[in-house]
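Asker:
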Amino acid sequence: MISRLSFGVSFKASCLPVVCAIAVSTHSAQAALLAYDQFVGYTAGNLGGQGQGFGWANNWTGGLVDAGGGLTYGSLPASGGKAQTAVTTSQFTGMSRNLASGISSGTVYVGWLAEKGGSDPTQMWLSLNTSANNDRIGAGIWPSSSTQWRLIRNDSGSFGDLSSGKAITDEAAHFVIKLDLSPGNPDTARLFVNPASAGDLTNANADATYTFSGTGIAADLTTITLSRQNANTPNGDGQIDQVAFDEIRIGTEAADMFSVIPEPSSAALIGLSTFLMLRRRRCAP
């Protein structure tokens, strides 16, 4: 019996397990990732109304997208483009996107790359918010007098205690927040800045730690927000400096924050070439 793929490659029915194995293999590499966006496949210009990646309930609102090149740090390569805050003299600007499933329990890692890029902004951060926009937990520069990256609980103005300072620079940095959420018990958030490996995320040697009071987060964390605050006027060089974000990852394994994930088009080509090789070997008459 001969079956035929939609793109015209014929193969024997006995080869179907090979195809299934490839599909399972490709999916398993991302099995622990709950949401991901590397800003590949976007049209340059307004980010609002566009959406790529997976694990999201809607498109981005607000912001800009630079399709010319992404941020890079360590093993996380520049891939596709990056998100940027809008060029505006407004004091606050940002962008947000809802998750397909809220975060409410278990151990979850939230990772991203960010680049300050100049003397402005005075504040910048990524935060996770509930649908009521409270119980927000995030990291970045807050308040504007900060000299080190900080773990932030925005709604209460509380900050994680810095156990090992990481000075704020204009270069791209790799941030990871590890959330340990247990209904009925205090929740804990830990911030790691430029961790060297997944092993760094499985111990308590975080750059900052915050333990929620009471029973922790009152509701699911459902929204990612990327923001910056400028002074009310442009900085000394007459420009409004932008903040860039890239490689946003939410996963249940520390390794998710370091693995190199191919672009969708690259993954498809790898899968196809692997399939054709295996077909040649295993499906010969």
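The sequence shown lines up with residues 37 to 321 when you count with our numbering. We put the CB at the ideal spot given by N, CA and C, even for glycine.
If distances are taken between C-alpha atoms only, which option among Thr261, Pro231, Gly174 comes closest to Ala290?
Answerer: Answer by Cα proximity: Pro231.
Asker: To the nearest angstrom, report how far apart Ser115 and Arg133 are at their CA atoms.
Answerer: For the pair Ser115 and Arg133, the Cα-to-Cα distance works out to about 20 Å.
Asker: Can you give me the start and stop residues for the beta strand (DSSP E) that Leu133 sits inside?
Answerer: According to the sequence displayed, residue 133 carries Arg and not Leu. Counting along the chain, the beta strand (DSSP E) containing Arg133 begins and ends at 128-139.
Asker: Are there 16 or more other CB atoms within 10 angstroms of the CB of Ala80, so buried, or fewer, so exposed?
Answerer: By the neighbour-count criterion, in which 16 or more other beta carbons inside 10 Å mark a residue as buried, Ala80 falls on the exposed side.
Asker: Within the chosen definition, does the region 177-193 reach the region 151-161 through at least 3 CB pairs nearer than 8 Å?
Answerer: yes
Asker: In the DSSP assignment, the beta strand (DSSP E) including Ala150 goes from what residue to what residue?
Answerer: 142-151
Asker: Name, in chain order, the residues that DSSP records as bridge partners for Val229.
Answerer: Phe211
Asker: Whose C-beta lies closer than 8 Å to the C-beta of Gly130 among residues of the same chain, with five residues either side of it excluded?
Answerer: Gly98, Gly99, Thr121, Thr261, Leu262, Ser263, Arg264
Asker: Would you say the beta carbon of Trp148 is closer than 7 Å to some non-hydrogen atom of the ligand PLP?
Answerer: In the structure shown, the ligand PLP is absent, as is every other ligand, since no ligand is present at all.
Asker: Excluding five sequence neighbours on each side, which residues of the same chain lie with their C-beta closer than 7 Å to the C-beta of Phe294?
Answerer: Ser111, Ser233, Ala234
Asker: Can you tell me where the beta strand (DSSP E) holding Asp348 begins and where it ends?
Answerer: A query on residue 348 cannot be resolved here, the shown segment of the chain reaching from 37 to 321 and no further.
Asker: Starting from Lys118, follow the beta strand (DSSP E) in both directions and report where the run begins and ends.
Answerer: 118-120
Asker: Go ahead and label Val212 buried or exposed: buried means 16 or more other beta carbons lie within 10 angstroms of its beta carbon, across all protein chains shown.
Answerer: buried
Asker: Going by beta carbon distance, what residues of the same chain come within less than 7 Å of Gly141, once the five residues before and after it are set aside?
Answerer: According to the sequence provided, residue 141 is Ser. The question's Gly does not apply to it. Excluding residues within five positions, the ones whose Cβ falls inside 7 Å are Leu217, Ser218, Pro219.
Asker: If you draw a straight line from the C-alpha of Gln184 to the C-alpha of Leu69, how long is it?
Answerer: Take the alpha-carbon of Gln184 and the one of Leu69: they are about 29 Å apart.
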